[in-house]
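Quick note on numbering: numbering that gives the first Met the number 0 labels position 269 of the sequence shown as 268, and the sequence is numbered without any gaps.
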Amino acid sequence: MIVLILIIMISITYYAYFRRMRKPLYELSESLPDTGSLPVLGHTHWFIGGPEKVLNNIKELATLVQDTGGLSKIWIGPSLYIVSMNPEDVQKILENCLQKDSSYKYLQAWLGNGLFVAPTDLWKVHRRVLKPIFHNRIIEDYIDVFGEQGSVLVNRLEERLGKSEFDAFKYITSCMLDIVFETAMGEKMDVQHNPDTPYLRARNIVMSIISMRLFKAWMQPDALFKLTPYSKIQKDNIDLTHKFTDEVVKKKRKLYETYALDRETGRKDLLELLLERDIKFTDEQLREHIDSITIAGNDTTALVISYALLLLGHHQDEQQKVYEELQSIFGDSKRSPTKEDLNRMDYLERVIKETMRLYTVVPVIGRKTDKEIKLSNCTVPAGVGCAVVPFVMHRSKKIWGPDADSFDPDRFLTENSASRHPCAFIPFSYGTRNCIGRHFGMLAMKSILANILRSYKVKSRACDRLKIEILLFPVPGHLISIERR
Ligand code: HEM
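Below, the structure written as structure tokens:
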């Protein structure tokens, strides 16, 4: 009995201490409007369910935040998040909070301290070192690879001519993998013809376990996760992917140190450029950076291309405009797009931007305050989570007008974008921790879409059912059909 009383007293004292230490958080929370929270649970119940339900809940919650003034809070268990839908506050968050939210820790077992998840101090040093290797001048050397792999894709798509609808993403993601592997590590994988390798299978397994863990509250504590079979499956598959990149890094370092690198193509891959930097990365750091680049750069780019095909497939007038622009650049020539050609694809660029607005493939960005910051109607202490939801902001009627849900590439004409807030449209995030590969992604998307749309006319139906699996996917897949031009 005495033991029980003691336990109760210790628990009450600890709880009172816990509440006192977190007083600034509760005060901040009190000062913000409430959006559908329950006692104790907070908003945790909004994040329970399948990936489609969770995405719809995020949409509903973010819309509620928008309707209550654009800045609010959510509680997930004991963690407080500030949710911001005002471009002005979003700018302050993305410029000032460089630390990623704790939910990114599930990626850390895989990507270590690669740029995507690195803690702020290390990230600052490494981002400075990596910045020059993503310079436009260097990325433009990869335009030939974009063109070559795009042609392989066009040939592979021939098997779908005149047949029923198929999932375009499967073809496009293989093409992007070939591009990313060749440009990041100089490896010609030919995934387009060999899509089922143990390495790729392992990558997909790890990705789906991490995504599942993000939205299943009971899987999140490490102690509980370790009790499930997924823990061992994840470890085995992470080990397999690490082994693959480790071998590539070792091979490349040996060639680099013995001056035996292939100079046939005249271009250097990103790994080689990393080896040349003044800072001497260890093999482990190189693996972490290369894995982060190939993972951050592949599905994101492939998804935007696939969504653009979906949109153009049911907006035939806009597809015709893209085709006419491509005809004016290439005529009947079958040559691969050059840098000059890509620079002339103004309308296609607007189509890609409008696609990224309507289907924002990185739907949520999570950061953590590393110092106190002042937002429009509150001051947020250090250590608080901040969620930005570009997926919902990009369809806000307040920002984009009453027809925010409709497809209109001309929103991105210079004269129509000039007065828009710089954080109204942030598919690549914003501030110094934005996407380092955005120029790479834009050139690859233009080149691949140009190759497909010069060869095929695309048809599709509208797709409104979406789900979140870290990135934004359509529930039925990117279903299109094609005819020869
Ligand atoms: C359309 C294609 C792409 C989209 C929409 C996209 C979007 C983004 C976004 C939103 C972030 C910030 C994520 C966050 O803070 O949570 C990011 C970061 C990053 N992206 Fe991309 N990305 C794309 C293509 C690429 C490509 C092609 C590469 C590399 C070749 C790449 C490499 C990275 C890396 C390394 C980071 C981490 C940057 C850092 O923390 O300093 N991305 N991307």
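Each residue gets a CB set at the ideal place from its N, CA and C atoms; glycine is no exception.
Of the residues the options, which one's Cα is nearest the Cα of residue i?
i                 : options                           : result
leucine 492       : Leu478, Gln90, Met218 and Pro32   : Missing from the structure shown is residue 492; the chain here goes from 0 to 484 and no further.
glycine 41        : Glu186, Glu181 and Trp74          : Trp74
valine 53         : Ala461, Met211, Ile425 and Arg410 : Met211
leucine 63        : Phe411, Ser395 and Val474         : Ser395
serine 28         : Asn450, Asp404 and Asn376         : Asn376
glutamate 158     : Asp463, Arg19, Tyr455 and Pro473  : Tyr455
serine 102        : Ser335, Gly384, Lys397 and Gly312 : Gly384
arginine 460      : Leu310, Gln318, Leu24 and Glu323  : Leu310
glycine 382       : Leu272, Glu59 and Pro77           : Pro77
glutamine 148     : Met20, Ile447 and Pro473          : Ile447
threonine 368     : Val89, Asp277 and Leu302          : Val89
phenylalanine 427 : Thr300, Asn203, Ile208 and Glu323 : Thr300
asparagine 56     : Cys462, Thr359, Phe214 and Cys96  : Phe214
isoleucine 451    : Asn154, Leu129 and Glu287         : Asn154
glutamate 263     : Gly185, Asn415, Ile372 and Arg349 : Gly185
isoleucine 47     : Thr12, Trp217 and Gly330          : Trp217
valine 474        : Pro408, Leu302, Thr431 and Val247 : Leu302
histidine 420     : Ser291, Pro86 and Thr119          : Pro86
valine 128        : Lys279, Asp221, Val205 and Lys249 : Lys279
valine 350        : Trp399, Phe406 and Ala222         : Phe406
lysine 320        : Arg453, Asp268 and Ser335         : Arg453
threonine 378     : Tyr25, Glu324, Glu323 and Phe165  : Tyr25
leucine 325       : Leu347, Ile289, Lys58 and Gln315  : Leu347
alanine 443       : Gly146, Ser150 and Lys249         : Gly146
glutamate 317     : Ser230, Trp399 and Pro408         : Pro408
cysteine 96       : Ile467, Phe472 and Lys373         : Lys373
arginine 334      : Met0, Thr12 and Ser150            : Ser150
aspartate 277     : Glu414, Val124 and Lys253         : Val124
valine 247        : Asn342, Thr43, Leu269 and Leu226  : Leu269
glutamate 323     : Leu152, Arg484 and Met8           : Arg484
Can you name, in chain order, every residue of its own chain whose Cβ lies under 7 Å from the Cβ of residue i, other than the five neighbours on each side?
i                 : result
valine 190        : Ser173, Leu176, Asp177 and Leu199
arginine 202      : Thr240
phenylalanine 424 : Arg356 and His393
serine 71         : Leu31, Pro32, Thr34, Val64 and Val82
valine 144        : Ile178, Glu181 and Thr182
alanine 307       : Val350, Ile351, Thr354 and Leu448
tyrosine 229      : Ile208
Give every residue of the same chain whose Cβ lies closer than 6 Å to the Cβ of residue i, excluding the five residues on either side of it in the sequence, and list them in chain order.
i              : result
serine 305     : Ala167, Phe168, Ile171 and His477
methionine 344 : Lys445
threonine 293  : Val179 and Ala183
isoleucine 435 : Phe133
arginine 266   : Asp140
glycine 111    : Glu287
aspartate 340  : Ile328
cysteine 422   : Pro86, Val89, Gln90 and Tyr429
serine 480     : Glu164 and Lys458
Looking only at DSSP bridge pairs, what is residue i linked to?
i                 : result
threonine 378     : Lys373
glutamine 318     : Answer by DSSP bridge pairing: none, since glutamine 318 is not bridged.
glutamine 98      : Lys367
tryptophan 74     : Leu79
aspartate 166     : Leu478
glycine 41        : Leu37 and Ile75
phenylalanine 472 : Lys466
serine 459        : Ile479
Residues in its own chain within less than 8 Å of residue i by CB, not counting five upstream and five downstream?
i              : result
methionine 188 : Leu176, Asp177, Phe180, Glu181 and Thr196
histidine 313  : Lys458, Ser459, Arg460 and Ala461
glycine 296    : Met175, Val179, Ala183, Gly436, Phe439 and Gly440
isoleucine 209 : Tyr105, Leu106, Trp109, Gln233 and Ile469
valine 116     : Lys99, Tyr103, Lys104, Leu106, Gln107, Leu110 and Ser291
lysine 58      : Phe390 and Val391
methionine 84  : Ala61, Val64, Gln65, Gly69, Leu70, Val388, Val391, Met392 and Ser395
serine 161     : The residue you asked about is not serine; residue 161 is glycine in the sequence shown. Around glycine 161: Glu482.
Quick test of your reading: residue i and residue j, contact by CB under 8 Å. State the CB separation rounded to the nearest angstrom.
i              : j              : result
aspartate 39   : alanine 61     : Note on residue identity: the sequence assigns valine, not aspartate, to residue 39. About 23 Å separates the two Cβ atoms, so there is no contact after all.
isoleucine 142 : threonine 337  : 7 Å
proline 389    : threonine 354  : Actually they do not touch by this definition, with Cβ atoms about 13 Å apart.
isoleucine 92  : valine 363     : Not really, about 13 Å apart at Cβ, beyond 8 Å.
tyrosine 258   : glutamate 271  : Actually they do not touch by this definition, with Cβ atoms about 12 Å apart.
tryptophan 109 : isoleucine 237 : 5 Å
leucine 274    : lysine 251     : 7 Å
proline 50     : proline 380    : The pair is not a contact, with the Cβ atoms about 32 Å apart (cut-off 8 Å).
isoleucine 204 : threonine 244  : Isoleucine 204 to threonine 244, Cβ: 16 Å. No contact.
Could you check whether the Cβ of residue i sits closer than 8 Å to any Cβ belonging to chain C?
i          : result
glycine 35 : Reference to chain C is not applicable here, since this structure consists of a single protein chain.
Quick one: complete alpha helix (DSSP H) runs, 4+ long, within the region 373-436?
389-392, 396-399 and 413-416
Going residue by residue through the region 271-331, where are the continuous alpha helix (DSSP H) segments of at least 4 residues, counting only ones entirely within it?
282-312 and 315-329
Let me know the beta strand (DSSP E) ranges lying completely inside the region 195-225, each 3 residues or longer, listed in chain order.
none
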